[in-house]
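Q: Numbering (UniProt numbering), first residue to last: 1 to 837. Yeah, the Cβ is synthetic: ideal placement off N, Cα and C, and Gly gets one too.
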RNA sequence: GCCGGGAUGGCGGAAUUGGUAGACGCAGUAGACUCAAAAUCUACCGGCUUCGGCUGUGCGGGUUCGAGUCCCGCUCUCGGCACCA
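(1) Using 10 angstroms around the beta-carbon of residue 670, count the other beta-carbons present and answer buried if the total reaches 16, otherwise exposed.
(2) Drop a sphere of 10 angstroms on the beta-carbon of residue 588, count the other beta-carbons inside from all chains shown, and report buried for 16 or more, exposed for fewer.
(3) Could you please give me the residues that DSSP links to residue 351 through a beta bridge?
(4) Start and end of the beta strand (DSSP E) containing residue 242?
(5) Where residue 199 and residue 302 are concerned, what is the direct C-alpha to C-alpha distance, given to the nearest angstrom?
(6) In the structure shown, what three-state DSSP assignment does residue 654 receive?
(7) Give the straight-line distance between the Cα atoms of residue 182 and residue 515, rounded to the nearest whole angstrom.
(8) To the nearest angstrom, how far is it from the Cα of residue 299 to the Cα of residue 341?
(9) Go ahead and label residue 42 buried or exposed: buried means 16 or more other beta carbons lie within 10 angstroms of its beta carbon, across all protein chains shown.
(10) With H, G and I counted as helix, E and B as strand and the rest as coil, what does DSSP make of residue 322?
(11) Express the C-alpha separation of residue 639 and residue 826 in angstroms, rounding to a whole number.
(12) When you compare the stretch 726-742 with the stretch 619-629, are there three or more beta-carbon pairs, one atom per stretch, that lie closer than 8 Å?
(13) Report the start-end ranges of each alpha helix (DSSP H) in the stretch 189-245 that is 4 residues or longer and not cut off at the edges.
(14) Quick one: what's residue 47 bridged to in DSSP?
(15) Can you give the Cα-Cα distance for residue 116 and residue 55, rounded to whole angstroms?
(16) Write down the C-beta distance between residue 633 and residue 594 rounded to the nearest angstrom, noting that I regard them as a contact closer than 8 Å.
(17) So is residue 603 buried or exposed if we call it buried at 16+ other beta carbons inside 10 Å?
(18) How far does the alpha helix (DSSP H) with residue 757 in it extend, from its first residue to its last?
(19) Find the nearest neighbour of residue 785 within the set 592, 191, 830, 329, judged by alpha-carbon distance.
(20) Can you look up residue 166 in the DSSP assignment and give me helix, strand or coil?
(21) Tell me where the alpha helix (DSSP H) around residue 335 begins and ends.
(22) I want to know whether the stretch 129-141 touches the stretch 748-758 - three or more CB-CB distances under 8 Å.
(23) If I'm right that residue 746 touches residue 25 with Cβ under 8 Å, what's the distance once you round it to whole angstroms?
(24) Just list the beta strand (DSSP E) runs in the stretch 532-609, keeping only unbroken ones of 3 residues or longer that don't cross its boundaries, in chain order.
(25) According to DSSP, is residue 778 part of a helix, a strand, or is it coil?
(26) In its own chain, which residues sit with a C-beta less than 8 Å from the C-beta of residue 153, not counting the 5 before and 5 after it?
(27) For residue 447, does the count of other Cβ atoms within 10 angstroms reach 16, so buried, or fall short, so exposed?
(28) Tell me whether residue 530 is buried or exposed, calling it buried when 16 or more other Cβ atoms sit within 10 Å of its Cβ.
(29) Can you check the stretch 61-141 for any alpha helix (DSSP H) of at least 4 residues that lies completely inside it and give the ranges in chain order?
(30) Please return the same chain residues whose Cβ sits closer than 6 Å to the Cβ of residue 407, not counting the five positions on each side in sequence.
(31) Tell me where the alpha helix (DSSP H) around residue 625 begins and ends.
(32) Run the CB neighbour count on residue 390, radius 10 Å, all protein chains shown included, and call it buried at 16 or more, exposed below.
(33) Going by Cα to Cα distance, which pick from 679, 48, 175 is closest to residue 729?
(34) With DSSP collapsed to three states, give me the class of residue 720.
(35) Inspect the CB distances between the stretch 251-262 and the stretch 345-352 and report whether three or more fall short of 8 Å.
(36) CA-CA distance, residue 318 and residue 275?
Here's what the structure looks like:
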């Protein structure tokens with residue numbers, strides 16, 4: 001390995017001053033367009049996508065963690081010769097800006113969310129510039145721009161054509177504070193995920209995307225390098241469960257129930273309908289009418305959280321009607337209870353209290369029959385006497401007619417399978433699959449979002465806007481209302497439209513789309529942000545997508561990432577792309593906590609401000625410290641003394657390169673000498689370790705290794721500063737440091753005599769031979785306890801190592817007088833002499 | 001309640017996946033430089049110790065020559081889901 005470093009020009013030993021060098025290099029990189037990716041280049045593409053931010057107005061330390069840390073990875077890949085595309089934009093629609101407009105309206109002011117949003121984006125872009133990231137801003141996407149959201153409308157129309165977008169009256173989650181409906185995914189513990197308000201259930205006509213059509217495909221993660229945790233969360237969210245539908249007869253008509261345990265059909269002792277079930281009214285007998293109606297009404301007023309609570313005692317009412325069990329003709333009472341949900345399965349269940357905990361609890365409370373039909377052992381028949389809980393484990397079918405003795409249960413599904421097959425053969429039911437996943441409700445009653453491109457025509461009814469009329473543009477001259485109600489409903493120019501079918505007068509839909517629609521395909525748009533005859537360039541998309549790596553917070557594990565996968569599959573089915581998935585490799589960063597180990601918040605007063613940190617330490621130090629805190633996926637607490645350590649490290653690197661070696665000659669002491677060979681080993685070891693670490697986003701250990709190298713170089717300096725190895729060490733150190741602390745690396749690269757930027761250099765290779773040591777230190781154990789160590793030639797054979805080990809005085813002392821039972825030699829590692837007596 | 005992750009010095013965290021536990025950094029102690037302080041540099045830095053050792057990776061067992069790492073049983077903690085039939 002040769003070095004192209006010229007003998008450093010007259011050393012300038014001025015102090016490391018990030019305030020001076022950082023703006024200088026940021027400007028230099030911008031001037032030459034260093035990070036503007038040529039998407040048409042023949043070089044191997046690498047699309048590194050990181051989740052674009054909402055324009056909240058201020059970059060906090062979490063943004064640095066999400067953008068400045070992975071920037072090191074983008075730079076690392078670029079130094080490997082890849083054509084890295086690392087774009088950035090803004091997820092610009094959203095409630096905070098609209099809420100601010102509403103708040104202003106309450107104070108008598110008229111502020112449009114767009115004005116706020118664009119001011120905030122401009123401020124954040126200036127803050128972004130100070131991070132020293134290699135983001136490509138030339139492809140910026142702003143989702144609130146009509147040139148972007150018109151393609152949301154385009155996809156909406158395409159989905160409508162294919163039956164994937166539909167309008168349906170259904171029970172929805174109404175957020176009374178934000179005055180809008182929310183998707184199930186946006187309801188957390190019965191509260192709106194943004195407003196925190198208790199969610200009410202309302203029956204409203206709403207637009208949905210049919211994500212359930214893709215439920216099975218969404219369960220396939222086989223070609224994705226994603227965290228197990230995320231895959232599991234999505235799998236659970238989709239909630240596929242196999243079971244059977246069985247038809248029960250009643251005086252007022254048949255109804256279908258869903259069960260995962262058809263093998264327990266002989267143990268049915270009552271039925272339960274959800275309060276919203278359409279048959280409830282018909283099945284209720286006159287004498288039960290009053291009680292049932294009151295119950296249904298009460299249930300409809302319960303919030304999700306009240307109804308959904310597992311610790312809530314079971315409630316319900318008898319309808320007065322009976323159903324007939326198709327397998328044995330038994331007549332069982334039909335109840336209404338809110339522990340059965342209309343939205344899952346068929347909204348009706350068969351209750352088998354002997355083998356279902358919820359049914360058991362209900363039966364005990366209302367004195368209903370409990371009929372055991374599964375026995376733990378093949379030879380016994382259990383009775384309901386003394387049962388204190390439902391038996392949900394595996395066992396053998398009993399009291400089940402032709403199936404008696406069949407082993408059954410979730411673990412041994414023979415009985416379940418046989419009964420399912422038999423139900424089909426007897427036309428009593430059929431095997432089926434049910435999902436927990438519901439269709440994605442995308443209507444929002446808000447004004448700051450993508451208008452849904454539909455119209456209401458008096459003669460033609462609900463009509464889609466024509467594709468050539470897109471975009472349906474959001475009016476900018478709206479007055480926000482203190483009530484929070486959408487001003488679009490009162491904006492005459494927006495509302496008034498012409499029916500594309502008959503040319504008559506029509507009224508526009510005032511609902512807008514969930515902002516998760518925006519983020520479901522934005523990475524395609526980065527490839528051709530201003531294209532006006534299509535959402536993106538299919539040629540560029542086939543070259544650049546799926547994005548090889550996507551990073552962001554785990555909070556998006558379900559919502560955004562599931563929707564993005566769904567959209568990708570829809571776009572594929574529209575014929576625009578051929579890939580099935582949006583992001584090949586996914587990694588999540590953790591969260592930076594305050595010094596008190598709590599989540600940062602203004603009320604706790606534990607917030608650290610990145611602007612202040614940059615002013616005090618410089619961006620390189622802030623970046624490097626964030627990387628050094630710990631594993632990136634784990635996050636961790638901020639430490640105001642910890643960052644000092646990293647600042648010292650960069651200062652040591654600075655001094656190493658800028659201070660003349662002779663000045664420190666007197667520091668050399670016999671105890672800390674580093675030979676040229678040892679120095680070379682340290683350099684190449686660092687190259688290997690840092691390369692491996694950065695490839696796996698282990699920024700913390702990469703920096704630890706660079707610190708180790710810097711310390712070794714510092715010790716070697718007095719004697720080695722004139723050697724080839726030293727110059728090679730400096731050069732490699734700067735190359736390894738470049739992705740992590742890009743400004744100081746480029747400055748020192750220049751000062752050590754290089755003409756072009758360190759960021760345009762090839763990533764260094766290591767020489768495996770340089771890592772070899774002539775001798776190795778081997779630990780010696782006697783009976784598993786460490787008794788000493790010996791230094792042996794690296795290729796010493798077993799006998800030689802053993803002989804050396806036994807010669808070690810302390811080892812000999814412990815072996816003396818004992819019988820050697822076994823000798824274990826792990827080459828290059830240790831020796832264990834097992835003794836007896 | 002169910003599912004998943006985690007627990008290592010005073011602190012943040014390392015540990016080639018069964019082979020010298022505590023890399024790197026913070027904090028701390030001592031020393032050098034300085035009139036002094038800061039900065040910087042050098043050394044030490046898990047606990048106990050009769051200086052031979054003993055002990056130590058949440059707790060209790062086990063497998064193994066050898067366990068932070070594997071197995072069984074717990075505790076605590078973080079995250080997800082939460083009457084999903």
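A: The answer reads as follows:
(1) Residue placement at residue 670 is flagged as unreliable, the pLDDT there being 42, under the threshold of 50; a coordinate-derived value is accordingly withheld.
(2) Per the 10 Å Cβ criterion, buried.
(3) Beta-bridge annotation (DSSP): residue 351 is paired with 270.
(4) Per DSSP, residue 242 belongs to the beta strand (DSSP E) from 241-250.
(5) Approximately 10 Å, taken between the alpha carbons.
(6) Secondary structure of residue 654 (DSSP, three-state): helix.
(7) Those two C-alpha atoms are separated by around 11 Å.
(8) Whole-angstrom Cα-Cα distance: 11 Å.
(9) Residue burial is scored here from C-beta neighbours: residue 42 has fewer than 16 other C-beta atoms within 10 angstroms and is therefore classed as exposed.
(10) Shown here, residue 322 sits in a strand according to DSSP, grouped into three states.
(11) Straight through space, the alpha carbons of residue 639 and residue 826 are spaced by roughly 41 Å.
(12) With the cut-off at 8 Å, the stretch 726-742 and the stretch 619-629 touch.
(13) Fully contained in the stretch 189-245 are the following alpha helix (DSSP H) runs of length 4 or more, in chain order: 215-218, 228-238.
(14) In the DSSP assignment, residue 47 forms a beta bridge with 85.
(15) Using only the alpha carbons, I get a separation of about 9 Å.
(16) The C-beta separation of residue 633 from residue 594 comes to about 19 Å, leaving the pair out of contact by the 8 Å criterion.
(17) When all chains shown are included, residue 603 counts as exposed.
(18) It is not in any alpha helix (DSSP H) - residue 757 carries neither H nor E in the DSSP assignment.
(19) When only C-alpha atoms are compared, the closest one is 830.
(20) Strand, per DSSP.
(21) Counting along the chain, residue 335 falls outside any alpha helix (DSSP H), though it belongs to the beta strand (DSSP E) covering 331-336.
(22) No, the stretch 129-141 is not in contact with the stretch 748-758.
(23) Contact check for residue 746 and residue 25: beta-carbon distance about 5 Å, within the 8 Å limit, so the pair qualifies.
(24) Those beta strand (DSSP E) runs which fall completely within the stretch 532-609 and span 3+ residues are 547-553, 583-589, 591-593.
(25) Note: residue 778 maps to strand in three-state DSSP.
(26) The residues are 450, 451, 452, 453, 465, 470, 471, 472.
(27) Per the 10 Å Cβ criterion, buried.
(28) The Cβ neighbour count for residue 530, taken over all protein chains shown within 10 Å, is under 16; the residue is labelled exposed.
(29) Counting whole runs of 4 or more residues, the stretch 61-141 contains the alpha helix (DSSP H) stretches 61-78, 95-106, 113-129.
(30) Within the same chain, residue 407 has close Cβ partners 396, 414.
(31) If you look at residue 625, you'll find it in the alpha helix (DSSP H) that goes 619-628.
(32) So residue 390 ends up on the buried side.
(33) For residue 729, the nearest C-alpha among the options comes from 679.
(34) The answer is helix: DSSP assigns residue 720 an H, G or I state.
(35) Because the criterion of three Cβ pairs below 8 Å is met, the stretch 251-262 and the stretch 345-352 touch.
(36) One C-alpha to the other measures close to 12 Å.
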